[in-house]
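A.B. asks:
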Amino acid sequence: MKKSIPQKYQSMADQFRADGADEKTIRKWIQEEMQGDEFARKEGSSDIEAYKIWMSWPQERRSLYLGNAFCSKCSVTSFAPGYNIRKDRFGLIVEGNCATCGAKICRCCD
Ligand SMILES: [Zn+2]
């Protein structure tokens, strides 16, 4: 079989296009979705329950949280790829690294 983007992501991309999203945004979303699926396959370190809630949120909402975190060096920043999701009593917590300087950052999503 030819190596290409799985049908699932193709369908998503088509849907985004139908909604009028631009190609750059679509690529970003698809990439994020693929990373998410990769994360979901991992065992042990991942909080699947938290992840399920996270993935049930609309893409726009997740992008908002991922693109609006606080870094002590860079102030407002976004998460670098490879973040983790966990759950606590306040809601979901995204943990990862600053996309600009690589420092550890986290964000509460309620
Ligand atoms: Zn930073």
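Residue numbers (this note's numbering): 326 to 435.
C-beta: ideal position from N, C-alpha, C; glycine also.
Quick check: does the Cβ of residue 428 come within less than 7 Å of any heavy atom belonging to ligand 1?
C.D. replies: Checking every heavy atom of ligand 1 against the Cβ of residue 428, one is found closer than 7 Å.
A.B. asks: Applying the 10 Å Cβ sphere with the 16-neighbour rule, what's the burial state of residue 430?
C.D. replies: Buried is the call here.
A.B. asks: Counting along the chain, where does the beta strand (DSSP E) carrying residue 394 start and finish?
C.D. replies: Unbroken beta strand (DSSP E) run through residue 394: 394-396.
A.B. asks: According to DSSP, is residue 387 helix, strand or coil?
C.D. replies: Looking at residue 387 - three-state DSSP - the assignment turns out to be helix.
A.B. asks: Would you kindly check if the distance between the Cβ of residue 374 and the Cβ of residue 412 is under 8 Å?
C.D. replies: Yes. Within cutoff.
A.B. asks: Measuring from the CB of residue 425, is there a heavy atom of ligand 1 at a distance below 7 Å?
C.D. replies: Yes, ligand 1 has a heavy atom inside 7 Å of this Cβ.
A.B. asks: What are the boundary residues of the beta strand (DSSP E) that residue 400 is part of?
C.D. replies: Where residue 400 is concerned, the enclosing beta strand (DSSP E) stretches over 400-402.
A.B. asks: Alpha carbon to alpha carbon, how far is residue 407 from residue 386? Give it in angstroms, no decimals.
C.D. replies: Spanning the two alpha carbons is a distance of roughly 18 Å.
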